[in-house]
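Take a look at the structure set out below.
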Ligand SMILES: [Zn+2]
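In my numbering, the protein residues as written are 48 to 623.
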């Protein structure tokens, strides 16, 4: 049947009404990524056109724009509470945390375009949640020149956010509004699977995409086992079936040769995957390789997103059960590890497709430089060291107590949905108190801080009086592991390490030596033990024995006049 031209046009526009428009990536033949506003407009269009897509405005970011969250489900189930009640798994894809690595921004758009335009079916047991652009400030700061050794796209954003922070170091300290908006989303969704899309630099090799998996040792128990023997292997198999030869993230930064293998990346809680792992979420960071053309990288990222969706759908019940049991174990755990070390006795072989490398004189310096020879590819089985072992663990207390003055910490705990209650009256409690015996602070700032490390603590048991309004944090909750990581001062990414408690590292009161001399003399006469301690120290330390100020200060520090708050960690532990 021949339709009049006008009628044909009308019919065409009706049929195509539900079709999402091509993305910038499509229109450019895979060489461009959209600017921030363009990407958001596209997602708004997706929300408008399809009942399967809902875009929500979440918390404010440093850039002055709200963080967006897109929820995609086959039957339009996009209410987070209802999703859980209907027994669906949630996968959260985070994109553009490093906007110079926009592969996930485009792959997620292509994914949803396939869901809407081409019938890529999500099963009813899964909901896909997408943060279209996480680092908005970085995405707005667009250039063709950042990332000098990356093969496309033509223009992209910058790594630092609107405060020039690296958001993939900010998940614990949360200096950015971005990280706070993210925590809100994370705690709202409690995703079963979290995927943070990246692009890698480092060694050259043939593989287009690599996968960083949150450490199975750290997940531990049944969940770690499931990650190690079911989830992670299935990603490699599924990718191979889709034509992508993915290998573990090449965590190689020179030193020996890449053929000697490498150690699994250490994802402490400051990173997205390390943070998510504290909440019993299966977490991953795909890293495509910078020297592969943008189109190939995005296609590989899309294939991996589908692999995550398909595995999560297929294993929906197992993932729910394993996570439920892991959460119960977290609530009941009597100890958690806080320090790890690479276990070089554990490795498995992976088939690595590399390029021969060697040294040749640099045309810049004349000195030897590393080069990879792409005309000499090789295939070799090499060891991948994917084990970590516990160096130190902490007994979980019955509760922590935080005096209300430390409100910046309390605010971050609230943000992470930590349950706590305020004392209703002034209360005397017997607690364990940590004293900071030693620590180092970074001389130069790192991500807006001078982090403390090499922290040595000593414990005392004391009766401490707390005031009405101080906070009691019971350790019988889903946040248990998070709480241990942030509140135990010697844990790697603790709030103490991130300088939240630096106020205790400075002495606030002192004395005028000429005046205290007489007071100290009287004190030593009245207290023979104090006199004995001074004599003992003098006998043991000849430099000390020759210093008047050092000896006076020693007496001061041993006396009742010395301030108790100095080097005394204010968060205490209630133990049985
Ligand atoms: Zn990155």
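Quick reminder that beta carbons are idealized off the backbone N, C-alpha and C, glycines included.
(message) Would residue 232 and residue 181 be called neighbours here (beta carbons separated by less than 7 Å)?
(response) no
(request) Report all residues from its chain with a CB closer than 7 Å to the CB of residue 82; omit the five preceding and five following residues, and keep chain order. (result) If we look at residue 82 and ignore the five residues flanking it on each side, its Cβ neighbours are 189.
(message) Which same chain residues end up closer than 7 Å to residue 266 when comparing Cβ atoms and leaving out the 5 residues on each side of it in sequence?
(response) 274 and 324
(request) Indicate whether residue 333 and residue 351 have their beta-carbon atoms separated by less than 7 Å. (result) yes
(request) Express the C-alpha separation of residue 584 and residue 371 in angstroms, rounding to a whole number. (result) 56 Å
(request) At 4 residues or longer, and completely inside the segment 150–237: list those alpha helix (DSSP H) runs for me, N to C. (result) Whole alpha helix (DSSP H) segments, 4+ residues: 150–164, 183–187 and 224–236.
(message) Alpha carbons only, please: which of 359, 522, 330 and 310 is nearest the one belonging to residue 621?
(response) 522
(request) Assign residue 262 to buried or exposed, taking buried as 16 or more other Cβ atoms, counted over all protein chains shown, within 10 Å of its Cβ. (result) The residue is buried, with at least 16 neighbouring Cβ atoms inside 10 Å.
(request) For the beta strand (DSSP E) containing residue 474, list its first residue and its last residue. (result) 474–488
(message) So, under 8 Å CB-CB, residue 257 and residue 316 are touching, yes? Tell me the CB distance rounded to an integer number of Å.
(response) The Cβ separation is near 22 Å, so there is no contact.
(message) Using the three-state DSSP reduction, which class does residue 287 fall into: helix, strand or coil?
(response) helix
(request) Give the single residue among 219, 146 and 572 whose Cα lies nearest to the Cα of residue 187. (result) For residue 187, the nearest C-alpha among the options comes from 146.
(message) Please classify residue 220 as buried or exposed, where buried requires at least 16 neighbouring CB atoms within 10 angstroms.
(response) Under this definition residue 220 is a buried residue.
(message) Does residue 60 pass the burial test, meaning 16 or more other C-beta atoms within 10 Å, or should it be called exposed?
(response) With a pLDDT of 43 at residue 60, under the threshold of 50, the predicted position of this residue should be treated as unreliable, though the coordinate-derived value follows. Classification for residue 60: exposed.
(message) Quick check: the Cα distance between residue 544 and residue 538, rounded to an integer number of angstroms?
(response) 8 Å
(message) At the level of alpha carbons, what is the spacing between residue 229 and residue 492?
(response) 24 Å
(request) Between the Cα of residue 113 and those of 494, 551, 178 and 250, spot the shortest distance and give me the residue it belongs to. (result) It is 178 whose Cα lies nearest to the Cα of residue 113.
(message) I want to check one thing, is the minimum distance from the CB of residue 145 to the heavy atoms of ligand 1 below 6 Å?
(response) yes
(request) Determine the contact status of residue 369 and residue 269, defining contact as a CB-CB distance below 7 Å. (result) yes
(request) Return yes when the C-beta of residue 494 is under 6 Å from any heavy atom of ligand 1, and no when it is not. (result) no
(request) Ignore the nearest five residues each way along the sequence and tell me which others in residue 556's own chain have a CB closer than 6 Å to its CB. (result) 610
(request) Classify residue 67 as buried or exposed, calling it buried when 16 or more other Cβ atoms lie within 10 Å of its own Cβ. (result) buried
(message) Quick check on DSSP: helix, strand or coil for residue 112?
(response) Residue 112 falls in the coil class under three-state DSSP.
(request) With a 10 Å radius around its C-beta and 16 neighbouring C-beta atoms as the bar for buried, classify residue 656 as buried or exposed. (result) Because the chain here runs from 48 to 623, residue 656 falls outside it and cannot be looked at.
(message) For residue 494 and residue 212, which I take to be in contact (beta-carbon distance under 8 Å), what is that distance rounded to the nearest angstrom?
(response) 6 Å
(message) Considering just the uninterrupted stretch of the alpha helix (DSSP H) at residue 575, what are its terminal residues?
(response) 575–587
(message) Following a CB-centred definition, is residue 245 positioned closer than 6 Å to any heavy atom of ligand 1?
(response) yes
(request) Look at residue 428 and residue 396 and say whether their C-beta atoms are less than 7 Å apart. (result) Taking a C-beta distance under 7 Å as the contact criterion, residue 428 and residue 396 qualify as a contact pair.
(message) Suppose the cutoff is 6 Å on Cβ atoms and the five residues either side in sequence are ignored; what does the same chain contact list for residue 50 look like?
(response) Here the model assigns residue 50 a pLDDT of 49, short of 50, so the residue's position is not dependable and the matter cannot be decided.
(request) Identify, in the order they occur along the chain, each residue of the same chain with its Cβ nearer than 7 Å to the Cβ of residue 558, setting aside the five sequence neighbours on each side. (result) Correct list, in chain order: 603.
(request) Counting only runs of 3+ residues fully inside the segment 508–594, write out the beta strand (DSSP E) ranges in chain order. (result) 518–521
(request) Leaving aside the five residues before and after residue 508 along the sequence, list all residues of the same chain whose C-beta is less than 8 Å from its C-beta, in chain order. (result) 477, 478, 479 and 480
(request) Use the C-beta contact count for residue 79: other C-beta atoms within 10 angstroms, 16 or more gives buried, fewer gives exposed. (result) buried
(message) Quick check on residue 614: does DSSP put it in helix, strand or coil?
(response) coil
(request) Assess, as a yes-or-no matter, whether the segment 131–140 is touched by the segment 86–105 under the definition of 3 or more beta carbon pairs within less than 8 Å. (result) Three or more Cβ pairs closer than 8 Å define a contact, and the segment 86–105 falls short of that threshold against the segment 131–140.
(message) Please give me, in chain order, every unbroken run of the alpha helix (DSSP H) with length at least 4 that falls completely inside the segment 356–425.
(response) 363–379
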